[in-house]
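Input: a single structure, listed below in C-alpha cells.
Residue numbers (the working numbering): 15 to 173.
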C-alpha cells in the first residue's frame with residue numbers, strides 16, 4: 015500500500031485574510047533580518063503586500079499576549095512570531111525563552127489560529143546571526159513558509 019497517497023498536506027497558497035508578524039525589538043538588528051526573510055517569503059508565495067502587518071513588541075516575553083490579542087480579532091489567517099533570546103551569564107534566558115514558547119503554543123491552541131515559532135533561542139550572538147540569514151538559512155523565512163502550510167492544512171482539516 016502506498017501510504018504517501020493517503021497523506022493530507024498543507025499547500026503554500028496565500029490566504030485571503032491578513033498575515034500578522036509579531037516581532038520583538040530586543041536584538042533588533044537580528045530580528046530585522048528575520049522580518050525581512052519572513053516578509054520576502056510571504057510575498058514570494060503570493061501574499062499581497064497590503065495583507066502583511068508587522069507588530070513590534072518590546073521583547074520575546076511580550077510576543078504571546080500580542081499574538082493572542084491579534085488572533086482574537088478574527089482578522090488574521092495566521093501569525094509569524096520572530097525574536098531573539100540569547101543565553102547570557104544569568105538565568106534571564108530561562109525565564110524568557112520557555113515562557114515565550116509556551117505562551118505562543120497556548121495562544122494558538124486557545125484561538126485555533128496557527129502561529130509559527132521564529133524566535134531564535136541561541137547560546138551566543140554568532141548563532142543568532144547565522145540563523146538570521148548569514149550562514150544557516152533565515153529562520154524568519156522558514157517560519158513564514160511553515161505558517162502558509164499550516165493555514166492551508168488547518169483549512170483542509172476544518173472543511
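Every residue, glycine too, gets a C-beta built ideally from N, C-alpha and C. Fair warning: this is a prediction, and the values are worked out from it, not measured in the lab.
- For residue 143 and residue 44, the gap between their C-alpha atoms comes out near 6 Å.
- Taken atom to atom, the span from the alpha-carbon of residue 151 to that of residue 145 is near 6 Å.
- Between residue 121 and residue 52, the C-beta gap is not smaller than 9 Å, which leaves the two residues out of contact.
- Bridge partners of residue 146 according to DSSP: 152.
- According to the DSSP secondary-structure assignment, residue 34 is paired through a beta bridge with 67, 93.
- Collapsing the DSSP output to three states places residue 49 in a helix.
- Take residue 40, set aside five residues on each side of it, and the residues of its chain with a beta-carbon closer than 6 Å to its own are 73, in chain order.
- No Cβ-Cβ contact shorter than 9 Å links residue 134 with residue 29.
- In the structure shown, residue 25 falls within a coil segment according to DSSP collapsed to helix, strand and coil.
- When the five nearest sequence neighbours on each side are left out, the beta carbons in the same chain lying within less than 6 Å of the beta carbon of residue 130 are those of 94, 157, 160, 161, in order along the chain.
- Going by beta carbons, residue 22 and residue 170 fall inside the 9 Å limit.
- Looking at the DSSP output, residue 100 bridges to 136.
- If you check the CB distance, residue 98 and residue 136 come in under 9 Å.
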